[in-house]
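A.B. asks: Counting along the sequence shown from 1, when you hit position 176 you're at 188 in the working numbering, and nothing is skipped either side. Beta carbons: idealized from backbone N, C-alpha and C, even for Gly. Source: prediction; values computed, not measured. Dropping the structure in here first, questions after.
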Amino acid sequence: MSSNHKVLSGLGVGLEAVAAEVFRVAPAKPLPIPANHTGDKEAEMRKVRSAVDAVSSQLQELGAKSEETTREIFEALEMILQDEALFEQAVEQIDQGFEAGTAFVNAVETFAELLAGDETFEERIADIRDLGRRVAGHVHGISLGLDLPNTGSYVLVGEDFSPADTAQFTDAVVGVVTIAGGPTSHTAIICRSRSIPAVVSCQGAKDLLSGQLVLVDPVGDRVVVGADLSSATRALSFVSKSQEPLVSVRANIGSLEDAVTAATSAAKGVGLFRTELLYLSSKQKPSLQQQIDSYTEILAACPEGPIVVRTIDAGSDKPVPFLNMPHEENPALGVRGFRLIKEHRDFITEQLKAIESARAKTGRDVWVMAPMIASYQEAVEFAELARSLGEYKVGIMIETPGIISAIKHLGGKLDFVSVGTNDLSQYLFAADRMHSQLGALMNHWQPGLISALADIANLSAMAGIHSGVCGESASDPAFSIVLAGLGFNSVSASPSQVGQVRSALMSVDKDQAMLVSKAALEGLSAEQSKSLALEKLASFEG
Ligand code: PEP
Ligand code: MG
Numbered sequence: 013m014s015s016n017h018k019v020l021s022g023l024g025v026g027l028e029a030v031a032a033e034v035f036r037v038a039p040a041k042p043l044p045i046p047a048n049h050t051g052d053k054e055a056e057m058r059k060v061r062s063a064v065d066a067v068s069s070q071l072q073e074l075g076a077k078s079e080e081t082t083r084e085i086f087e088a089l090e091m092i093l094q095d096e097a098l099f100e101q102a103v104e105q106i107d108q109g110f111e112a113g114t115a116f117v118n119a120v121e122t123f124a125e126l127l128a129g130d131e132t133f134e135e136r137i138a139d140i141r142d143l144g145r146r147v148a149g150h151v152h153g154i155s156l157g158l159d160l161p162n163t164g165s166y167v168l169v170g171e172d173f174s175p176a177d178t179a180q181f182t183d184a185v186v187g188v189v190t191i192a193g194g195p196t197s198h199t200a201i202i203c204r205s206r207s208i209p210a211v212v213s214c215q216g217a218k219d220l221l222s223g224q225l226v227l228v229d230p231v232g233d234r235v236v237v238g239a240d241l242s243s244a245t246r247a248l249s250f251v252s253k254s255q256e257p258l259v260s261v262r263a264n265i266g267s268l269e270d271a272v273t274a275a276t277s278a279a280k281g282v283g284l285f286r287t288e289l290l291y292l293s294s295k296q297k298p299s300l301q302q303q304i305d306s307y308t309e310i311l312a313a314c315p316e317g318p319i320v321v322r323t324i325d326a327g328s329d330k331p332v333p334f335l336n337m338p339h340e341e342n343p344a345l346g347v348r349g350f351r352l353i354k355e356h357r358d359f360i361t362e363q364l365k366a367i368e369s370a371r372a373k374t375g376r377d378v379w380v381m382a383p384m385i386a387s388y389q390e391a392v393e394f395a396e397l398a399r400s401l402g403e404y405k406v407g408i409m410i411e412t413p414g415i416i417s418a419i420k421h422l423g424g425k426l427d428f429v430s431v432g433t434n435d436l437s438q439y440l441f442a443a444d445r446m447h448s449q450l451g452a453l454m455n456h457w458q459p460g461l462i463s464a465l466a467d468i469a470n471l472s473a474m475a476g477i478h479s480g481v482c483g484e485s486a487s488d489p490a491f492s493i494v495l496a497g498l499g500f501n502s503v504s505a506s507p508s509q510v511g512q513v514r515s516a517l518m519s520v521d522k523d524q525a526m527l528v529s530k531a532a533l534e535g536l537s538a539e540q541s542k543s544l545a546l547e548k549l550a551s552f553e554g
């Protein structure tokens, strides 16, 4: 590769590279600024209805042309769009004087705020906001189509792409680069599922112009201007050295379906059962018996091994309707996770009782942990409550920087800790985990995160506490080697990544993993940490 080639860093999606001409997508025409209506509320309501119906039909058409993952997303979005509660919100906005387009955008914003904080829905927030733009666009006669070429081969470059955008991708789209977006953005999900090489969160791409030749090199987390495929970074191949992974690989679940899927993977148990998903849709608190029944069914379906159940991770930012949480200005920093104990001790107590009952019925090895613990006192309060109610192992999540130094005092009080790297990154870097322009700080190769992880693993080992990692970072096979090298005892990945993570952890021994994590700790940037770790890994080959 000529040294003149300009390298643009980002976050890679996929293992194949592609070289093709840039097709630059212009930013969508801005919507008119928020405005008031002239007084005819009925007419504004009719405009909202008809724009919602028009966008619904567009979604149906796009869905019909799409493959399964995208079609399912469209079906879910259409349901949200047609939700009467959303329309009512828009009517409230019209009552306050806003014209139809602004009213709908505001209504969607209120809705999106309610969903912020719940992982399953959070990833969809940008998509839901896009619905608002589309309805408002329709009200004002603005087209949000992409006009992509049908023939040839192009690398699509744009700010970020919504589901409606990605559904318009033609076969001519062979690569995608986005300026914004993060590892869990819609573009990343769709490109992964459609095997389109992509690099997201690539700031430097803002200067790319249509017609330029670029190499999209996801394994190298970069786009190289003017380079061809011969410069692509080789994907790592993990050659098994042993029959068992270096540390136990568990699966993350949130529902009965997930438990069933996880059981078909090679996971040894469940490292994170996100229980709040069971409560998001109920308007009334489920009875103790209902909770016992659902936990019993789910525990029985989980893959063999320990099952780590997390108590409800809700707050004003997560819409658990029966808890009646007040609206908060800054929900990520508000009353969420274990902080609910003040107002909702009864609910958390009942949940722990239900989990204990299901544990006793199924005979499974159940561990319970609380989310968002920020102080020694909270950790001890949870441990005492849980131990008074059941015979499970008891632990906490490490998601706030403030709890790290307390780990050394928690020996004998806790059986385990599990690191939620999604939230830990959010709080370490003061960066909203779903902010489309801050994806680079959510990169788990950030040295600041790796060094915090090293402290957590060391302090846990010194305190005699089992340590695991259950955030997204543990689903990255190469990073799972870093985690094992730092001293973590288990990792928990999305069911679809369990196989890859296991292969990675079967390809190295403990000393090698320690060398890899040492290399990663030497980086001054996420890119450098990753490349130092991968170089070290490659040095073991052959
Ligand atoms: C995390 O924060 O990394 C985590 C696993 O919890 P959640 O993603 O559910 O907030
Ligand atoms: Mg979390």
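Given the structure, does residue 325 come close to the ligand PEP, in the sense that its CB is under 7 Å from one of the ligand's heavy atoms?
C.D. replies: Checking every heavy atom of the ligand PEP against the Cβ of residue 325, one is found closer than 7 Å.
A.B. asks: Evaluate contact between the segment 16-24 and the segment 206-217, counting only Cβ atoms and requiring at least three cross-stretch pairs below 8 Å.
C.D. replies: In short, these stretches touch, since the Cβ pair count reaches three.
A.B. asks: Count the CB pairs spanning the segment 270-287 and the segment 245-253 that are closer than 8 Å, and state whether there are at least three.
C.D. replies: Too few Cβ pairs lie closer than 8 Å, so no.
A.B. asks: At a threshold of 7 Å, does residue 482 count as lining the ligand PEP (C-beta to nearest heavy atom)?
C.D. replies: It does: the Cβ of residue 482 is within 7 Å (strictly closer) of some heavy atom of the ligand PEP.
A.B. asks: Residue 411: beta carbon under 7 Å from a heavy atom of the ligand MG?
C.D. replies: Yes, Cβ of residue 411 sits closer than 7 Å to a heavy atom of the ligand MG.
A.B. asks: Run the CB neighbour count on residue 515, radius 10 Å, all protein chains shown included, and call it buried at 16 or more, exposed below.
C.D. replies: By the 10 Å Cβ count, residue 515 comes out buried.
A.B. asks: Under 8 Å between the Cβ atoms of residue 407 and residue 430?
C.D. replies: Taking 8 Å as the Cβ cut-off, residue 407 and residue 430 qualify as a contacting pair.
A.B. asks: Would you say residue 434 touches the ligand PEP, meaning its beta carbon is less than 7 Å from a heavy atom?
C.D. replies: Checking the Cβ of residue 434 against the ligand PEP gives yes.
A.B. asks: Could you tell me the boundaries of the alpha helix (DSSP H) in which residue 470 lies?
C.D. replies: 459-475 is the span of the alpha helix (DSSP H), which, as asked, contains residue 470.
A.B. asks: Between residue 262 and the ligand PEP, is there a pair consisting of the residue's CB and a ligand heavy atom that are separated by less than 7 Å?
C.D. replies: No.
A.B. asks: Nearest CA to the CA of residue 319: which residue from 446, 302, 285, 221?
C.D. replies: If we check each option's Cα against that of residue 319, 285 comes out closest.
A.B. asks: List the whole-angstrom C-beta distance separating residue 229 from residue 29, where the pair is believed to meet the contact cut-off of C-beta under 8 Å.
C.D. replies: So it is a contact: roughly 5 Å between Cβ atoms.
A.B. asks: Under 7 Å: does the beta carbon of residue 343 sit that close to some heavy atom of the ligand MG?
C.D. replies: No, the beta carbon of residue 343 sits no closer than 7 Å to any heavy atom of the ligand MG.
A.B. asks: Have a look at residue 386 and residue 499 and give me their C-alpha separation to the nearest angstrom.
C.D. replies: Straight-line Cα distance between these residues: approximately 22 Å.
A.B. asks: Does DSSP put residue 166 in a helix, in a strand, or in coil?
C.D. replies: Note: residue 166 maps to strand in three-state DSSP.
A.B. asks: Should residue 168 be listed as close to the ligand PEP, given that the test is whether its C-beta is under 7 Å from any heavy atom?
C.D. replies: Every heavy atom of the ligand PEP is 7 Å or more from the Cβ of residue 168, so no.
A.B. asks: Mapping the DSSP letters down to three states, classify residue 441 as helix, strand or coil.
C.D. replies: Coil at residue 441, not helix or strand.
A.B. asks: Helix, strand or coil: how does DSSP classify residue 265 here?
C.D. replies: Reduced to three states, the DSSP call for residue 265 is strand.
A.B. asks: Can you confirm whether the segment 449-459 touches the segment 501-519 when touching is taken to mean that 3 or more C-beta pairs between the two stretches lie within less than 8 Å?
C.D. replies: Segments in contact, no.
A.B. asks: Jot down the residue ranges of each uninterrupted alpha helix (DSSP H) in the segment 320-375, minimum 4 residues, whole runs only, in chain order.
C.D. replies: You should have 353-374.
A.B. asks: Pull up the distance between the alpha-carbon of residue 432 and that of residue 177, whole angstroms please.
C.D. replies: Their Cα atoms are separated by approximately 31 Å.
A.B. asks: I need the boundaries of the alpha helix (DSSP H) containing residue 61, first residue and last residue.
C.D. replies: Segment 53-77, the alpha helix (DSSP H) holding residue 61.
A.B. asks: Is it buried or exposed, residue 487, if we count other Cβ atoms within 10 angstroms and call 16 or more buried?
C.D. replies: With 16 or more other Cβ atoms within 10 Å, it is buried.
A.B. asks: Residue 358: buried (16+ other C-beta within 10 angstroms of its C-beta) or exposed?
C.D. replies: It counts as exposed.
A.B. asks: Under the assumption that residue 35 contacts residue 166 (Cβ atoms under 8 Å), give the Cβ distance between them as a whole number of angstroms.
C.D. replies: At roughly 4 Å, the Cβ-Cβ gap stays under 8 Å, so residue 35 and residue 166 are in contact.
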